[in-house]
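First comes the structure, then the notes that go with it.
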Amino acid sequence: MGPTLVPGENGFDGFARYGFRVPFTLVSPWSRRNYVSHRLFDHTSILKLVEIKWNLPALTFRDANANAMLDMLDLHKPAFAEPPHLAIPIAAADPSSLTCSTTGPGTIPPPGSVTG
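Residue numbers (the working numbering): 242 to 357.
Printed below as a string of structure tokens:
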């Protein structure tokens, strides 16, 4: 049995295989807690999610066949409605550190004079 595609045989014939693996982390109030998805996603999965959310047509054959990240989201019950309150006191700002300076950080060397 030969390979699915022979390099250079037909040039680019559309979406036939995935490229490099890309690590992905979803951070959202709607993400499922302690959930690991085992579905295959690629860069166009984000586009697919946008197309589903706003009922838009697919732009290409690739995003039409991509998996949307819906299994990682719980759109009906967000993990928290408001951000949690962190019990960290706000440091009092020193008024002198908030003033602007017209002198700048010091002398700026002319372009091309710094080597390294």
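No residue lacks a Cβ here, since even glycine has one placed at the ideal position from N, Cα and C.
If you run the structure through DSSP and keep just helix, strand and coil, what is residue i?
i, result
"Leu-316", "coil"
"Ser-278", "coil"
Considering Cα atoms alone, identify which of the options is closest to residue i.
i, options, result
"Ala-305", "Trp-271, Asp-312 and Asn-296", "Asn-296"
"Gly-260", "Lys-318, Leu-311, Ala-320 and His-284", "His-284"
"Ser-269", "Thr-356, Pro-351, Pro-319 and Leu-281", "Pro-319"
"Leu-367", "Thr-356, Val-263 and Leu-267", "There is simply no residue 367 to check, as the chain begins at 242 and stops at 357 in what is shown."
"Leu-316", "Ser-272, Asn-308 and Thr-356", "Ser-272"
"Arg-262", "Arg-280, Asn-275, Pro-298 and Tyr-276", "Arg-280"
Determine the extent of the alpha helix (DSSP H) in which residue i is found, giving its start and end residues.
i, result
"Arg-303", "302 to 305"
"Thr-285", "285 to 294"
Buried or exposed: where does residue i fall if 16 or more other Cβ atoms within 10 Å of its Cβ makes it buried?
i, result
"Phe-282", "buried"
"Leu-327", "exposed"
"Ala-322", "exposed"
"Ser-354", "exposed"
"Lys-289", "buried"
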